[in-house]
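Visitor: Residue numbers (the numbering used here): 169 to 510. All C-beta atoms, glycine included, are put in the ideal place defined by N, C-alpha and C.
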Amino acid sequence: MNDNGNMNNAAAGRAGSERKIVVVNNAFTEEINGIIRREAERLGFSVSFFDSEEEAYEEAKTAEIIYGYTPKLAASCVNLKWLCLHSAGADAFLKPGAFANESCLLTNASGAYGATIAEYLVMVTLMLLRRLRPYEETMAKREWLRPPLPQKLIRDCRFTILGAGDIGTRFALSIRPFEPKNVTGISRSGRFHGEDGDMPYDELYPVSRLDELLTQTDVLVMCLPATKESEGILSAEKIALMPRGSYVINIGRGSAVDENALIKALTDGHLAGAALDVMKHEPLPSDDPLWDAPGLILTPHVAGNLTCDYTCRRNAELFCEDLANYAAGLPLKNLVDRNAGY
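1. According to DSSP, is Asp490 helix, strand or coil?
2. Check each candidate in Asn201, Ile189, Ala195, Gly212 and name the one with the smallest Cα separation from Ala496.
3. As a quick exercise: from Ala442, Tyr237, Ser278, Arg412, pick the residue whose alpha carbon is nearest that of Glu166.
4. Does the distance from the C-beta atom of Leu444 to that of Leu466 stay below 7 angstroms?
5. Let me check understanding here. Comparing Cα to Cα, which of Gly420, Gly413, Leu430, Asn247 lies closest to Ile335?
6. Which of helix, strand or coil does DSSP assign to Ser355?
7. Less than 7 angstroms between the beta carbons of Ile233 and Leu241, yes or no?
8. Alpha carbon to alpha carbon, how far is Gly472 from Lys188?
9. Give a yes or no on contact between the region 303-311 and the region 253-260, applying the rule of three or more CB pairs nearer than 8 angstroms.
10. To the nearest angstrom, how far is it from the Cα of Thr403 to the Cα of Gly441?
11. Using a Cβ-Cβ cutoff of less than 8 angstroms, which residues in the same chain neighbour Glu450 once the five nearest sequence positions on both sides are dropped?
12. Tell me the residue span of the beta strand (DSSP E) that contains Pro264.
13. Tell me the DSSP bridge mates of Thr230?
14. Could you check what DSSP says for Gly441 in three-state terms: helix, strand or coil?
15. What separation, rounded to the nearest whole angstrom, lies between the Cα atoms of Cys434 and Asn350?
16. Pick helix, strand or coil for Phe213, following the three-state DSSP scheme.
17. Thinking just about the alpha-carbon of each residue, which of Ala224, Lys229, Asn194, Tyr303 is nearest to the one in Glu186?
18. Quick check on this structure: which residue in Cys252, Phe267, Leu253 has the alpha carbon closest to the alpha carbon of Cys245?
19. In or out: Gly333 buried (at least 16 other Cβ within 10 Å) or exposed?
20. Buried or exposed, going by whether 16 or more other CB atoms sit within 10 Å of the CB of Asp505?
21. Which residues does DSSP pair with Val425 in a beta bridge?
22. What are the residues that DSSP puts in a beta bridge with Tyr373?
23. Helix, strand or coil: how does DSSP classify Trp250 here?
24. Excluding five sequence neighbours on each side, which residues of the same chain lie with their C-beta closer than 6 angstroms to the C-beta of Ala461?
25. Looking at C-alpha atoms only, which residue of Arg205, Ile200, Ile204, Ala224 is the closest neighbour of Val192?
26. Could you tell me the alpha carbon to alpha carbon distance between Thr475 and His361, rounded to whole angstroms?
27. Report the partner residues of Arg326 according to the DSSP bridge assignment.
28. Of the choices Glu347, Tyr373, Ile204, whose alpha-carbon is the least far from that of Arg356?
29. Please report the distance separating the alpha-carbon of Leu273 from that of Ala286.
30. If contacts are defined as beta-carbon pairs under 8 angstroms, then Leu253 and Thr275 qualify, I think. What distance do you get, rounded to the angstrom?
31. Once you ignore the five residues that flank Cys325 on each side, which residues in its own chain have a CB closer than 8 angstroms to its CB?
32. Ile401 and Ala429 - do their beta-carbons sit closer together than 7 angstroms?
33. So, with DSSP's three-state summary, where would you put Val145?
34. Would you give the residue range spanned by the alpha helix (DSSP H) that Lys240 belongs to?
35. I think Phe196 touches Cys480, with their Cβ atoms under 8 angstroms apart; what is that distance to the nearest whole Å?
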């Protein structure tokens with residue numbers, strides 16, 4: 169999207185012709201597709217549903233709107249006026265040539281994944297602090313580990329959440345009942361964009377304060393999108409600033425972490441543990457050294473995804489909300505800022 173201001177031209181459609189929406193998603197149930205269909209028809213659109221880009225190709229040629237993660241269709245459909253992603257990440261669509269129609273609007277599903285990823289973060293936080301993996305490994309061998317391993321509580325920990333958007337904020341809210349020592353948020357602006365009464369952070373700082381805050385961090389939770397500013401942000405130098413025995417969790421993008429530095433810090437004990445749901449190379453090659461790093465929990469980019477009914481339903485609701493805005497010529501709520509990268 170080149171201009172965030174005027175929506176009327178994009179929403180005008182083709183006078184006297186059918187206005188088409190193509191939905192490409194194999195995770196939605198018939199019930200959720202029905203929600204989309206009813207809202208689309210109410211607003212004067214026809215809608216077709218497909219499981220893959222290949223199946224949708226012919227219909228997408230004349231579609232005004234596509235709802236799905238469809239890089240091939242975006243690059244080939246010259247009539248496309250709005251692409252709504254069912255993902256929060258939009259980095260694959262920010263490169264030159266990503267759209268056949270360069271004025272095509274781009275939105276994401278920010279706001280749909282906060283609940284499921286926050287629960288994932290709570291899970292791996294507890295697994296790391298309560299040493300679940302070593303216990304799993306010994307119990308699998310039918311060994312009774314004694315003496316018990318030293319453990320930590322969330323109650324004792326200083327959390328720093330790098331990326332204080334929807335996901336980071338939902339996690340901050342989720343751990344509040346565990347009474348952490350403090351929860352600090354870091355964002356580009358250092359400002360909270362929710363309601364004042366909903367502020368879940370003890371303090372919120374701009375990213376320029378990162379070095380200082382890392383020295384006061386027991387658990388660093390990274391929720392960053394893929395941008396030029398976030399690439400390699402957790403370097404060897406940054407890890408060295410963290411207290412010995414601290415933890416790192418990354419659910420944003422693998423490009424944000426120096427993986428070799430992370431492995432070294434885990435191996436020499438500077439970091440007590442880490443959890444990665446995202447890596448630089450996905451799928452992770454079988455010979456990658458991350459597999460053998462001590463104290464590291466790896467999951468195959470599954471913290472979010474459309475695997476929960478709540479996430480699918482919320483995703484569709486966000487699309488329908490913006491579809492109503494689009495039809496009325498109003499700004500889209502989840503418009504991606506192509507310069508900022510999210």
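Guide: Taking the structure as given:
1. In the structure shown, Asp490 sits in a helix (DSSP, three-state: H, G or I).
2. Minimum Cα distance to Ala496 is reached at Gly212.
3. No statement about residue 166 is possible, as the shown extent of the chain runs from 169 to 510 and does not include it.
4. Result yes, Cβ atoms of Leu444 and Leu466 sit closer than 7 angstroms.
5. When each option's Cα is compared against that of Ile335, the closest is Gly420.
6. Ser355 carries a strand assignment under DSSP once its states are collapsed to helix, strand and coil.
7. Not a contact, by the Cβ cut-off of 7 angstroms.
8. Taking the straight line joining both Cα atoms gives about 29 angstroms.
9. No: the two stretches stay apart, fewer than three of their Cβ pairs being nearer than 8 angstroms.
10. First, the amino acid is wrong: residue 403 is Ser here, not Thr. Going by the C-alpha atoms only, they are around 16 angstroms apart.
11. Sequence-distant Cβ neighbours of Glu450 in its own chain, meaning closer than 8 angstroms and more than five residues away, are Gly422, Pro468, His469.
12. For Pro264, there is no enclosing beta strand (DSSP E), since its DSSP letter is neither H nor E.
13. Paired residues: none, contrary to the question.
14. Looking at Gly441 - three-state DSSP - the assignment turns out to be strand.
15. A quick correction: the sequence has Leu, not Cys, at residue 434. Rounded to the nearest angstrom, the two C-alpha atoms are 24 angstroms apart.
16. Phe213 falls in the coil class under three-state DSSP.
17. Nearest in C-alpha terms to Glu186, of all of Ala224, Lys229, Asn194, Tyr303, is Lys229.
18. For the options Cys252, Phe267, Leu253, the alpha carbon positioned closest to that of Cys245 is the one of Phe267.
19. Counting every other CB atom within 10 Å of its CB across the protein chains shown gives Gly333 a total of 16 or more, marking it as buried.
20. Classification for Asp505: exposed.
21. According to the DSSP secondary-structure assignment, Val425 is paired through a beta bridge with Leu402.
22. DSSP, once it has assigned bridges, lists Ile354 as partnering Tyr373.
23. Strand, per DSSP.
24. Closer than 6 angstroms at Cβ, skipping near neighbours: Ile431, Leu434.
25. Selected option, being the one with the closest Cα: Ala224.
26. Their backbone Cα atoms lie some 28 angstroms apart in a straight line.
27. Asn350, per the DSSP bridge assignment.
28. Comparing C-alpha distances from Arg356 to each of Glu347, Tyr373, Ile204 shows the shortest one belongs to Tyr373.
29. Answer to the nearest angstrom: the Cα atoms are 29 angstroms apart.
30. With a Cβ gap of about 7 angstroms, Leu253 and Thr275 count as contacting.
31. Leu297, Pro348, Lys349, Asp386, Val387, listed in sequence order.
32. By the CB criterion at 7 angstroms, Ala429 and Ile401 fall outside the cutoff.
33. Because the chain is modelled from 169 through 510, residue 145 falls outside the range shown and cannot be assessed.
34. Lys240 -> alpha helix (DSSP H) spans 239-244.
35. Right, their Cβ atoms sit about 6 angstroms apart.
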